[in-house]
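This report refers to the structure that appears directly beneath it.
Number of protein chains: 2
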Amino acid sequence: MNPIIQQFKRYGFLSSEAETAIEGRTKHFFKKKHDHFLKSGQVLSSYFVLEKGLIRAYFYRDGKEVNTWFGEENQIFGSILPVYTNRPSFENIQFLEDSEVYAISVEDLNELYRMYPELNLIGRKIAEEVCVILEERSISLHIESASERYQSLIRLQPRLLSRINLGHIASYLGITQETLSRIRRY
Amino acid sequence: MNPIIQQFKRYGFLSSEAETAIEGRTKHFFKKKHDHFLKSGQVLSSYFVLEKGLIRAYFYRDGKEVNTWFGEENQIFGSILPVYTNRPSFENIQFLEDSEVYAISVEDLNELYRMYPELNLIGRKIAEEVCVILEERSISLHIESASERYQSLIRLQPRLLSRINLGHIASYLGITQETLSRIRRY
DNA sequence: AACATTTTTTGATGTATATCAAAATCAACT
DNA sequence: AGTTGATTTTGATATACATCAAAAAATGTT
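For the record, the sequence lines run as chains A and B. For the first sequence, UniProt numbering gives the first residue as 1, with consecutive numbering after it. For the second sequence, UniProt numbering gives the first residue as 1, with consecutive numbering after it.
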């Protein structure tokens, strides 16, 4: 089954008509390691699911890349900003491994919301779950030391550490790679 | 007009039946400065609006209070966590001025979502807007220095500074009051 | 107005993390 | 297996911010 539909069904009921409509608008494609999904400011991003693969979201600050999150299999993600404002995201999304992707564009999603208002319950649940995740992330950045943030990451997304290099992890944690190296040495 | 309804209408259409149902479930009350709205873990929080007043949300860390956000007039807020999970928030909410409040409980809100599914569009929009705000907050904590975070606060919520003491502001920014004082001195 | 309480500022010193430079290790390719 | 480039670690030093203590200023109360 289309993994977007599979993810949607975790949040609420989907009529078979809505399911068919989503099916017809789902894009399926493959990307190579280092490819970009979205160039910031170019394309409206959308919700998507990795059947297989790994991605990072990042933006530029003083010419340097800053990672904001990582995505693995069996998650639904995308930028909320374009869904909410209909404007492009400032985030770039890059594949860190060869990946198989199912995606739905913002335009299609908004049309689906119009045609099948029942989808708004699922959209609400997804946005609410993202709020909870972002709240935890803010608190972690607000009060935890570098080493505590690293421990939190190990606890919450342990598999990431074996798939992503330490430079990317350090950037996500908001510290330098040197500091992360020293933290790991204990 | 009931300011909860007023806020809801900023996000989408509300049928007159739904409006009446919300009206009937809205609680209206007054609170004194220093009162608490919710004690964490006790009561399920809800969406609410300040007709007049000022609040802070905070939690405890190592016995000390840490502020997570402030709320003023003409905003809708509450913790998403209880709405999403139906479990109490870890946050405490305290009034920083004598306040007039309109509120709707999580139980009532969830019943309204069931009775008037159209409300899910509004709920989705609200959650999506909160996502955008939380994303900005995370980025601020991720990459900005103490002084930059202070400047961002001045830019985004200038009126807060004249209504809230510097201890509360410093806690919100994730720095000590002494550091904030030195930042302000330039 | 005088006193008590709260809030803000100042000073001295300590600590976590950044920066810069280089070495060591690992991975990829021929 | 040897060479090249990427990743990770190590060392020396700098900086932003914390901590502790106290003074100064502002605010509230009788």
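Glycine included, each C-beta is placed from N, C-alpha and C at the ideal position. The structure presented is a predicted model; accordingly, all values stated were derived computationally and were not measured.
| Check | Outcome |
| --- | --- |
| Residue nearest to A:Y116 in terms of C-alpha spacing, selected from A:S15, A:R87, A:Q6 and A:I4 | A:S15 |
| Candidates A:F37, A:N86, A:R149 and A:Y102: closest to A:G24 by CA position | A:Y102 |
| Beta-carbon gap between A:R149 and A:L173 smaller than 7 Å | yes |
| DSSP three-state assignment for A:S145, whether helix, strand or coil | coil |
| Close Cβ partners of A:K33 (< 7 Å) along its chain, the five nearest in sequence each way excluded | F95, L96, E97 and D98 |
| Which of helix, strand or coil DSSP assigns to A:T176 | coil |
| N- and C-terminal bounds of the alpha helix (DSSP H) containing A:R61 | No alpha helix (DSSP H) holds A:R61; the beta strand (DSSP E) holding it covers I55 to R61. |
| Cβ of A:H142 within 7 Å of any chain B Cβ | yes |
| Three-state secondary structure (DSSP) of B:I13 | Residue identity check: residue 13 of chain B is Phe in the sequence provided, not Ile. Of the three classes helix, strand and coil, the one that applies to B:F13 here is coil, per DSSP. |
| Short CB-CB distance (under 7 Å) between B:Y84 and chain A | yes |
| Between the CA atoms of B:I22 and B:K9 - distance to the nearest angstrom | 12 Å |
| Local Cβ density within 10 Å of B:Y186, reported as buried at 16 or more and exposed below that | exposed |
| Close-in-space but distant-in-sequence residues of the same chain around B:L121 (CB under 6 Å, 5 per side omitted) | G12 |
| Cβ contact (3+ pairs, closer than 8 Å) linking the stretch 157-164 of chain B and the stretch 156-167 of chain A | no |
| Coarse secondary structure for A:G71, derived from DSSP in three states | strand |
| Three-way DSSP call (helix, strand, coil) for A:F90 in this model | coil |
| Per-residue DSSP class, three states only, for residue 227 of chain A | Residue numbering for chain A in the displayed model covers 1 to 186; residue 227 of chain A lies beyond these limits and cannot be assessed. |
| Contacting residues, own chain, Cβ-Cβ under 8 Å from A:S181 (five flanking each side not counted) | L166 |
| Cβ separation of A:H142 and B:L141, assumed to be a contact under 8 Å, to the nearest whole Å | 6 Å |
| Residue range of the unbroken beta strand (DSSP E) whose run includes A:Y116 | Premise fails: A:Y116 is in no beta strand (DSSP E) and is neither H nor E. |
| A:I175 to B:R61 span [Cα, whole Å] | 22 Å |
| Assigned exposure category for B:N92 - 16 Cβ within 10 Å defines buried | buried |
| Chain A within 7 Å of B:E136, Cβ atoms only | no |
| Candidates A:A170, A:R184 and A:I104: closest to A:F70 by CA position | A:A170 |
| Extent of the continuous beta strand (DSSP E) to which A:I104 belongs | S99 to I104 |
| Nearest-angstrom Cα separation, counted from B:F59 out to B:E65 | 6 Å |
| B:I183 to B:S147 span [Cα, whole Å] | 6 Å |
| Closest residue to A:I4 among A:H36, A:E51, A:K31 and A:E17 (Cα-Cα distance) | A:E51 |
| Per-residue DSSP class, three states only, for B:K64 | strand |
| Beta-carbon proximity check, B:R163 vs B:L54, cutoff 7 Å | yes |
| Chain-ordered neighbours of B:L14 on chain A, where CB pairs are closer than 7 Å | The premise fails here: B:L14 is roughly 14 Å from chain A at the closest Cβ pair, so nothing lies under 7 Å. |
| Contact set between A:I80 and chain B, taken where Cβ atoms lie within less than 8 Å | E128, C131, V132 and E135 |
| A:Y84 - containing alpha helix (DSSP H), residue span | I80 to T85 |
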